[in-house]
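Trainee: So the protein sequences, as listed, match chains A and B.
Going from the first sequence to our numbering is simple: count from 1 and add 18.
Going from the second sequence to our numbering is simple: count from 1 and add 18.
Note that beta-carbon positions come from the ideal geometry of N, C-alpha and C, so glycine has one too.
Have a look at this one before I ask anything.
Number of protein chains: 2
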Amino acid sequence: MRMSAEERRESVVRAAVIEFARNGYRGTSTEAIARRVGVSQPYLFRLFPGKQAIFTAAAERCIEETWRVFDEASAGLTGEAAAEAMSEAYLGLVEDGEQLMMQMQLYVSVFASRMGGEDGEDGIGETARQLWEELFERVRLRIGGDAAEATEFFAYGMLINTLVALGYPQDHRIWGGFGVQSRAARGAAGQGRAE
Amino acid sequence: MRMSAEERRESVVRAAVIEFARNGYRGTSTEAIARRVGVSQPYLFRLFPGKQAIFTAAAERCIEETWRVFDEASAGLTGEAAAEAMSEAYLGLVEDGEQLMMQMQLYVSVFASRMGGEDGEDGIGETARQLWEELFERVRLRIGGDAAEATEFFAYGMLINTLVALGYPQDHRIWGGFGVQSRAARGAAGQGRAE
DNA sequence: CTCGATAGTGATTGGTCACTAACTTGGTTC
DNA sequence: GAACCAAGTTAGTGACCAATCACTATCGAG
Numbered sequence: 019m020r021m022s023a024e025e026r027r028e029s030v031v032r033a034a035v036i037e038f039a040r041n042g043y044r045g046t047s048t049e050a051i052a053r054r055v056g057v058s059q060p061y062l063f064r065l066f067p068g069k070q071a072i073f074t075a076a077a078e079r080c081i082e083e084t085w086r087v088f089d090e091a092s093a094g095l096t097g098e099a100a101a102e103a104m105s106e107a108y109l110g111l112v113e114d115g116e117q118l119m120m121q122m123q124l125y126v127s128v129f130a131s132r133m134g135g136e137d138g139e140d141g142i143g144e145t146a147r148q149l150w151e152e153l154f155e156r157v158r159l160r161i162g163g164d165a166a167e168a169t170e171f172f173a174y175g176m177l178i179n180t181l182v183a184l185g186y187p188q189d190h191r192i193w194g195g196f197g198v199q200s201r202a203a204r205g206a207a208g209q210g211r212a213e
Numbered sequence: 019m020r021m022s023a024e025e026r027r028e029s030v031v032r033a034a035v036i037e038f039a040r041n042g043y044r045g046t047s048t049e050a051i052a053r054r055v056g057v058s059q060p061y062l063f064r065l066f067p068g069k070q071a072i073f074t075a076a077a078e079r080c081i082e083e084t085w086r087v088f089d090e091a092s093a094g095l096t097g098e099a100a101a102e103a104m105s106e107a108y109l110g111l112v113e114d115g116e117q118l119m120m121q122m123q124l125y126v127s128v129f130a131s132r133m134g135g136e137d138g139e140d141g142i143g144e145t146a147r148q149l150w151e152e153l154f155e156r157v158r159l160r161i162g163g164d165a166a167e168a169t170e171f172f173a174y175g176m177l178i179n180t181l182v183a184l185g186y187p188q189d190h191r192i193w194g195g196f197g198v199q200s201r202a203a204r205g206a207a208g209q210g211r212a213e
């Protein structure tokens, strides 16, 4: 089906999120992305300057999407209620694993690009930090401005990432009282840890 | 320099942790590991049945090492004091990034192996979960048996992983009052969050 | 010294992958 | 209906990589 280059780019990004999430940067062939999109592999290089650019676009998309979900879930709320709503939404977002693993893949790619890893020498680290800080700031404001609470929110978020990556079902004892239904929000809700 | 197969395997594992940490499973060539060890690439396949086995050995080593550091740092302590000591030790362990990134690479590999990713079809997920649970259990006992506190400990640990991976120096404001010297311990210390 | 075992290498191979060049298809406009 | 342009394809290239095989070097024991 013939469509505009812009529309194609959009479907490439969507396909790339899935493929990169599952197999990582090196583990994903441009062939696989192209097949998922339904176009020939060389055509990708007309829509994007290279594989790295596709990865970056997918990573950006993924973090933007995370904020979109947070924003939607916590619209009109503030403080703990907002944090709770966002935590709950995050568990939903992350359930299928694709969004989550794209995040993780981004983190390891950023590290690799710093450690003289051979690929990703473009400014992916800079981009990632910018996106992360923006997300952090937005969440902080939404839950009421307290940095420590925002930090706690993200800490539990990162634990969720890890447990999901390892493949623990949400009723496994390792989730230790959080996870499963809305109780998941408890830990991340930042229930007034005074300091 | 000629050495016993067992000694060689040991140096291969050490080299593999570095290479896999920096470049991931797919991004690391057996050639690169061999070069770092100082042996020919084919010889690796005499010491290990395949690339995957080297990766698994490196991952196991890395988690065992984490416990070793925790254990040493918190020897003779219990409760919050133990948690604080372990947190502090973790920041030190993780500072250079290699241990940490090997962990992250393990997580993404486990996920990939679950998602029909083409490599890692051996039981790496099972192995990883076992190692993780063992570590969790040991930490839980050391800090006094409370699962929620252990969960919080690990949550902040995972946040540390992410921030280090993204390349934030420990005095960056995103660390929000934790990180930097022993104050790092504060967040992870599980300071009696009643419920 | 020599013989057996263990440590280690060089050459190769079948396969994969990012990326390029040159070409074709389909829609729009005058 | 032809001229034009953007969308899309087929064919190909050089580089790299895990794994195998057949071989050599070095050690220790009798």
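#1: Using alpha carbons as the reference points, say which of Gln117/B, Tyr174/B, Ala34/B and Thr145/B lies closest to Ile72/B.
#2: Taking Cβ positions only, does Phe63/A come closer than 7 Å to chain B?
#3: Counting pairs of Cβ atoms below 8 Å between the stretch 40-59 of chain B and the stretch 48-59 of chain A, do you hit three or more?
#4: Please go through the same chain and pick out, in chain order, the residues whose beta-carbon is closer than 8 Å to the beta-carbon of Phe66/B, but skip the five residues on each side of it.
#5: Taking C-alpha atoms, which residue in Ala165/A, Ser22/A and Leu159/A lies nearest to Arg64/A?
#6: Please report the distance separating the alpha-carbon of Ala183/B from that of Ala93/A.
#7: When you compare the CB positions of Arg158/B and Ala168/B, do they come within less than 7 Å of one another, or not?
#8: Could you list which residues in chain B have their beta carbon closer than 9 Å to that of Gly115/A, in chain order?
#9: Would the beta-carbon of Ala107/B fall within 7 Å of that of Ala91/B?
#10: Using only the alpha-carbon positions, how far apart do Leu111/A and Ala166/B sit?
#11: Interface residues of chain B around Phe154/A at Cβ under 7 Å?
#12: Name the chain B residues that come within less than 8 Å of Thr74/A, Cβ to Cβ?
#13: For Tyr108/B and chain A, any beta-carbon pair shorter than 7 Å?
#14: Can you pull the chain B neighbours of Gly143/A, defined as C-beta to C-beta under 8 Å?
#15: Taking 7 Å as the threshold (beta carbon to beta carbon), is Gly163/B in contact with chain A?
#16: Starting from Asp89/B, follow the alpha helix (DSSP H) in both directions and report where the run begins and ends.
#17: Among the candidates Gln70/A, Arg44/A and Arg147/A, whose CA atom is the shortest distance from the CA of His190/B?
#18: Report the rounded CA-to-CA distance for Arg211/A versus Gly143/A, giving the unit in angstroms.
#19: Under the assumption that Gln123/B contacts Gly42/B (Cβ atoms under 8 Å), give the Cβ distance between them as a whole number of angstroms.
#20: So what does DSSP say about Gly185/B, is it helix, strand or coil?
#21: Would you verify that the beta carbon of Ala33/B is, or is not, closer than 7 Å to some beta carbon of chain A?
#22: Measure the Cβ-Cβ separation of Tyr186/A and Ile178/A and say whether it is below 7 Å.
#23: Using beta carbons (cut-off 7 Å, strictly below), is Ala71/A in contact with chain B?
#24: Cβ atoms of Leu95/A and Ala103/A: under 7 Å apart, would you say?
#25: For Gln123/A, return the contacting residues in chain B, with the cut-off set at a CB-CB distance below 8 Å.
#26: How about Phe38/A: is its C-beta nearer than 7 Å to some C-beta of chain B?
#27: Taking only the alpha-carbon atoms, compute the straight-line gap between Ser127/B and Met133/A and give it to the nearest angstrom.
#28: With distance defined between alpha-carbon atoms, name the residue in Thr180/A, Met176/A, Leu153/A and Phe171/A nearest to Glu98/A.
#29: Please say whether Thr180/B and Tyr61/A have beta carbons closer to each other than 7 Å?
Mentor: By the coordinates alone:
#1: Ala34/B
#2: no
#3: Contact check between the stretch 40-59 of chain B and the stretch 48-59 of chain A: fewer than three CB pairs, one atom from each, fall below 8 Å, which does not count as touching.
#4: Within its own chain, the residues whose Cβ lies closer than 8 Å to the Cβ of Phe66/B, once the five positions on either side in sequence are excluded, are Arg27, Val30, Ile72 and Ala75, listed in chain order.
#5: Of the listed residues, the one whose Cα sits closest to Arg64/A is Ser22/A.
#6: Those two C-alpha atoms are separated by around 31 Å.
#7: A contact, by the Cβ cut-off of 7 Å.
#8: Phe129, Arg132 and Met133
#9: Yes; because the gap between Cβ atoms is below 7 Å, this pair is in contact.
#10: 24 Å
#11: Ordered by position in chain B, the residues that pass the 7 Å Cβ test against Phe154/A are Ile192.
#12: Near Thr74/A there are no residues of chain B at all, since even the closest Cβ is about 15 Å away, more than 8 Å.
#13: no
#14: Leu184 and Gly185
#15: no
#16: Counting along the chain, the alpha helix (DSSP H) containing Asp89/B begins and ends at Lys69 to Ala91.
#17: Of the candidates Gln70/A, Arg44/A and Arg147/A, Arg147/A places its Cα closest to the Cα of His190/B.
#18: Because the pLDDT of Arg211/A is 38, which lies under 50, any placement of that residue in the model is unreliable, and the number read from its coordinates should be weighed accordingly. If I take the Cα positions, the gap works out to 32 Å.
#19: 5 Å
#20: Reduced to three states, the DSSP call for Gly185/B is coil.
#21: no
#22: no
#23: no
#24: yes
#25: By Cβ distance, chain B contributes Val126.
#26: no
#27: 19 Å
#28: Phe171/A is the residue among Thr180/A, Met176/A, Leu153/A and Phe171/A whose C-alpha sits nearest the C-alpha of Glu98/A.
#29: Not a contact, by the Cβ cut-off of 7 Å.
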